[in-house]
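Engineer:
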Ligand SMILES: Cc1ncc(COP(=O)(O)O)c(C=O)c1O
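Numbering (the numbering used here), first residue to last: 32 to 400.
Spelled out as C-alpha cells, the structure:
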C-alpha cells in the first residue's frame with residue numbers, strides 16, 4: 032500500500048513517538064544553520080560559552096517568550112534547568128516537602144506514581160487518588176479525591192502520556208498545586224498563574240531532551256529546603272537565573288525556537304484548536320469503527336496529545352503496526368503497560384499524519400473487521 036505517501040511534503044515520515052518526538056521542521060532547519068554559525072559569530076550554538084553575549088541573548092529571548100506564552104507575571108520565576116521530568120519530580124520533594132509535613136499525590140498514571148515514589152525518599156506522602164484498579168483509564172472527579180489535612184503541596188500530572196488521559200481542569204484545592212505538564216505544556220491554554228509549580232521535560236512538546244522548563248511561584252522559593260547542596264536548590268538556581276552551573280544550552284536554545292514557532296502559528300489558543308481537531312480525526316476513527324478499535328481512556332478523560340488504542344487481538348495490533356510502518360507511520364507501538372498502539376500527536380505533529388493514520392485505521396478495520 033502506498034496511499035499515504037501522496038500526502039507527505041518531505042522525505043520525513045510521520046513520527047508518532049511519545050518523546051523525544053516530532054519537532055517543527057522550520058525549527059530543525061534553523062538549528063541546522065546555527066550549528067555551524069549562530070548570528071554571524073562564526074561559532075556554532077554548541078560551541079559558545081554559556082556566559083557569553085550570544086547565549087545570554089538566546090537565554091533572555093527564550094525566557095521572555097516562555098513568560099509571554101504562559102501568561103505568568105512577576106510573582107512567578109521561570110527556570111530552564113538540566114534534568115528531565117523525573118529529576119524535577121524528585122527535586123520538588125527535596126525542596127518543598129519539609130519534615131513533619133505531608134505532600135499529596137494524585138496517581139493517574141505511571142509518571143504521577145514515579146513522582147510520589149521519589150517523594151517517599153524525602154518525606155511523608157499521601158495518595159489522594161489511585162487509578163490503578165482501572166489501569167489509569169480516567170481522571171477522577173473532584174469528589175473522588177481525598178486530600179490530607181493541610182498538605183505542603185498537591186502534585187498531579189495533567190496529561191498522562193502512557194494512558195492517554197488528561198485533566199480538563201486542575202483538581203480543586205487551596206494547597207500549593209504542582210503539575211507535571213511534560214507531555215502537554217503549551218498545547219492548550221492553561222492557568223499557569225494559578226499553579227505554584229508547572230514543569231515539563233523538554234523532549235515532547237518543547238525541544239530536545241536533557242532539560243526542563245519550570246514555572247515556580249516566587250514565594251515558594253523562599254521556602255526551599257536550606258539544607259540542600261546548592262545545585263539541587265531551586266532558590267539557588269533561581270538566584271543565578273538558571274546558570275548556577277553550565278545549563279543545557281542547546282535545549283534552551285531549541286525551546287526558544289519552538290516558543291517563537293508557537294507564536295508564529297498564532298499562539299497557544301490557535302494550537303489548541305488545531306490539536307483538538309487533530310485528535311478528533313483519530314478518535315472519530317476509533318468511535319466510528321463499531322468496536323473494532325478500542326481506546327484505552329474513558330471518553331471524558333481523553334488526551335489530545337497521546338492516544339493509546341488497540342484491537343481485541345494483540346496479533347492484529349502487531350499487523351497494524353507493521354502496515355503503518357510500511358506506509359511511513361513510525362513508532363506506533365503502545366507502552367508495554369497498555370499494549371496495542373499509541374499515537375502521540377504533539378504540537379508539531381502534522382494534521383496530515385492524523386489523517387493518514389485514520390485512513391489506514393478505517394481501511395484496516397474494513398479488511399479485518
Ligand atoms: C508526564 C511525564 N512526566 C515525566 C516523564 C519523565 O521524563 P524524563 O524521562 O525526562 O525523566 C515523562 C516521560 O515520558 C512523562 O511523560
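A virtual CB, placed ideally from N, CA and C, is assigned to each residue, including glycine.
Helix, strand or coil for residue 51, going by three-state DSSP, please let me know.
Structural biologist: In the chain shown, the residue the question calls residue 51 occupies position 20. Three-state DSSP puts residue 51 in coil, outside helix and strand.
Engineer: Helix, strand or coil, according to DSSP, for residue 186 in the structure here?
Structural biologist: Stepping through the chain shown from its first residue, residue 186 is reached at position 155. It is a strand residue.
Engineer: Mapping the DSSP letters down to three states, classify residue 388 as helix, strand or coil.
Structural biologist: Start at 1 with the first residue of the chain shown, and residue 388 comes out as number 357. Residue 388: helix per DSSP, three-state reduction.
Engineer: Taking the alpha carbon of residue 124 as the reference point, which residue from 109, 371, 145 has its own alpha carbon closest?
Structural biologist: Stepping through the chain shown from its first residue, residue 124 is reached at position 93. The residue with the shortest Cα to Cα distance from residue 124 is 145.
Engineer: Does the stretch 326-342 come within contact of the stretch 298-315, defined as at least 3 CB pairs closer than 8 Å?
Structural biologist: Judged by Cβ distances under 8 Å, the stretch 326-342 makes contact with the stretch 298-315, as three or more pairs qualify.
Engineer: For ligand 1, enumerate in chain order all residues having a CB closer than 6 Å to any of its heavy atoms.
Structural biologist: This criterion selects 50, 115, 116, 117, 142, 188, 192, 211, 213, 214, 232.
Engineer: Please state the DSSP three-state secondary structure of residue 135.
Structural biologist: Taking the first residue of the chain shown as 1, we reach residue 135 at position 104. In this structure, residue 135 counts as strand in the three-state DSSP scheme.
Engineer: Applying the criterion that 16 or more other CB atoms from any shown protein chain within 10 Å of the CB defines a buried residue, is residue 375 buried or exposed?
Structural biologist: Along the chain shown, one-based indexing puts residue 375 at 344. Buried, since its Cβ has 16 or more Cβ neighbours within 10 Å.
Engineer: For residue 134 versus residue 186, is the C-beta spacing smaller than 8 Å?
Structural biologist: Locating residue 134 in the chain shown gives position 103, counting from the first residue. Locating residue 186 in the chain shown gives position 155, counting from the first residue. Cβ atoms of residue 134 and residue 186: closer than 8 Å.
Engineer: With DSSP collapsed to three states, give me the class of residue 247.
Structural biologist: Translated into the one-based positions of the chain shown, residue 247 becomes position 216. Three-state result, residue 247: strand.
Engineer: If contacts are defined as beta-carbon pairs under 8 Å, then residue 293 and residue 112 qualify, I think. What distance do you get, rounded to the angstrom?
Structural biologist: By one-based count along the chain shown, residue 293 stands at place 262. By one-based count along the chain shown, residue 112 stands at place 81. Not confirmed; about 21 Å, so no contact.
Engineer: Among 52, 85, 54, which one has its Cα closest to the Cα of residue 68?
Structural biologist: Residue 68 sits at position 37 when you count from the first residue of the chain shown. With distances taken between Cα atoms, residue 68 lies closest to 85.
Engineer: Look at the Cβ atom of residue 184, then the Cβ atom of residue 206, and state whether they are nearer than 8 Å.
Structural biologist: Within the chain shown, residue 184 is the residue found at index 153, counting from 1. Within the chain shown, residue 206 is the residue found at index 175, counting from 1. In this structure, residue 206 lies closer than 8 Å to residue 184 by Cβ.
Engineer: Keeping to the same chain, check which residues put their C-beta closer than 7 Å to that of residue 153; ignore five residues upstream and five downstream.
Structural biologist: Locating residue 153 in the chain shown gives position 122, where the first residue counts as 1. These residues qualify, in order along the chain: 124, 125, 128.
Engineer: DSSP on residue 377, reduced to helix/strand/coil?
Structural biologist: Translated into positions along the chain shown, residue 377 becomes position 346. Note: residue 377 maps to coil in three-state DSSP.
Engineer: Quick one, are the C-beta atoms of residue 189 and residue 148 less than 8 Å apart?
Structural biologist: Position 158 of the chain shown, counted from the first residue, corresponds to residue 189. Position 117 of the chain shown, counted from the first residue, corresponds to residue 148. Not in contact: residue 189 and residue 148 (Cβ atoms no closer than 8 Å).
Engineer: Would you say residue 44 and residue 298 are within 8 Å of each other, going by their C-beta atoms?
Structural biologist: Here the question's residue 44 lines up with position 13 in the chain shown. Here the question's residue 298 lines up with position 267 in the chain shown. No, these two residues do not count as a Cβ contact at 8 Å.
Engineer: Nearest to residue 243 by CA position, among 235, 356, 250, is which residue?
Structural biologist: In the chain shown, counting from the first residue as 1, residue 243 sits at position 212. Ranking the options by Cα distance to residue 243, first place goes to 235.
Engineer: Whole angstroms is fine: what's the gap from residue 198's alpha carbon to residue 276's?
Structural biologist: In the chain shown, the residue the question calls residue 198 occupies position 167. In the chain shown, the residue the question calls residue 276 occupies position 245. Roughly 35 Å separates the two Cα atoms.
Engineer: Spell out a yes or no on whether the stretch 44-54 and the stretch 245-256 are touching, meaning 3 or more CB-CB pairs, one atom from each, closer than 8 Å.
Structural biologist: No, the stretch 44-54 is not in contact with the stretch 245-256.
Engineer: According to DSSP, simplified to helix, strand and coil, what is residue 242?
Structural biologist: Position 211 of the chain shown, counted from the first residue, corresponds to residue 242. Looking at residue 242 - three-state DSSP - the assignment turns out to be strand.
Engineer: If you check the beta carbons only, do residue 94 and residue 109 fall under 8 Å apart?
Structural biologist: Taking the first residue of the chain shown as 1, we reach residue 94 at position 63. Taking the first residue of the chain shown as 1, we reach residue 109 at position 78. Going by C-beta atoms, residue 94 is nearer than 8 Å to residue 109.
Engineer: Output the boundary residues of the alpha helix (DSSP H) element that contains residue 314.
Structural biologist: As a first step, residue 314 is located in the chain shown; it is residue number 283 there, counting from the start. First-last of the alpha helix (DSSP H) with residue 314: 299-318.
Engineer: Name the residue from 354, 384, 399, 341 whose alpha carbon lies nearest to the alpha carbon of residue 367.
Structural biologist: Counted from its first residue, the chain shown places residue 367 at position 336. Per the Cα distances, 341.
Engineer: Go to residue 211, then tell me how far its beta strand (DSSP E) extends in each direction, as first and last residue.
Structural biologist: Residue numbering aside, residue 211 sits at position 180 when the chain shown is read from its first letter. It spans 208-211 - the beta strand (DSSP E) in which residue 211 sits, taken as one unbroken run.
Engineer: Where does residue 39 fall in DSSP's three states?
Structural biologist: Within the chain shown, numbered from 1, the residue matching residue 39 stands at position 8. At residue 39 the pLDDT is 46, less than 50, meaning the model places this residue with poor confidence and gives no usable figure here.
Engineer: For chain C, is any of its Cβ atoms less than 8 Å away from the one on residue 345?
Structural biologist: Chain labels in this structure do not include chain C; a single protein chain is all it has.
Engineer: Going by DSSP, what residue range makes up the beta strand (DSSP E) through residue 158?
Structural biologist: By one-based count along the chain shown, residue 158 stands at place 127. First-last of the beta strand (DSSP E) with residue 158: 155-161.
Engineer: Let me check understanding here. Comparing Cα to Cα, which of 171, 121, 193 lies closest to residue 156?
Structural biologist: Here residue 156 refers to the residue found at position 125 when the chain shown is read from its first residue. Closest option to residue 156, Cα to Cα, is 121.
Engineer: Inspect the beta-carbon positions of residue 382 and residue 305 and report whether they are closer than 8 Å.
Structural biologist: In the chain shown, counting from the first residue as 1, residue 382 sits at position 351. In the chain shown, counting from the first residue as 1, residue 305 sits at position 274. Against a cut-off of 8 Å, the Cβ pair of residue 305 and residue 382 comes out as a contact.
Engineer: Throw me the rounded Cβ distance for the residue 241 and residue 279 pair, which I believe falls under 8 Å.
Structural biologist: As a working note, residue 241 is residue 210 in the chain shown. As a working note, residue 279 is residue 248 in the chain shown. Rounded, the Cβ-Cβ distance is 5 Å, consistent with contact.
Engineer: Take residue 347 and list the residues in its own chain whose beta-carbon comes closer than 7 Å to its own, dropping the five residues that flank it on each side.
Structural biologist: Residue numbering aside, residue 347 sits at position 316 when the chain shown is read from its first letter. Excluding residues within five positions, the ones whose Cβ falls inside 7 Å are 399.
Engineer: What first and last residue would you give for the alpha helix (DSSP H) that runs through residue 117?
Structural biologist: Taking the first residue of the chain shown as position 1, residue 117 is located at position 86. It spans 116-127 - the alpha helix (DSSP H) in which residue 117 sits, taken as one unbroken run.
Engineer: Once DSSP output is grouped into helix, strand and coil, what is the label at residue 108?
Structural biologist: Within the chain shown, the letter at position 77 stands for residue 108. Strand.
Engineer: Give me the residue from 106, 321, 159 with the minimum Cα distance to residue 173.
Structural biologist: Counting from 1 along the chain shown, the entry for residue 173 is found at position 142. Looking at the Cα atoms, 159 is the closest of the given residues.
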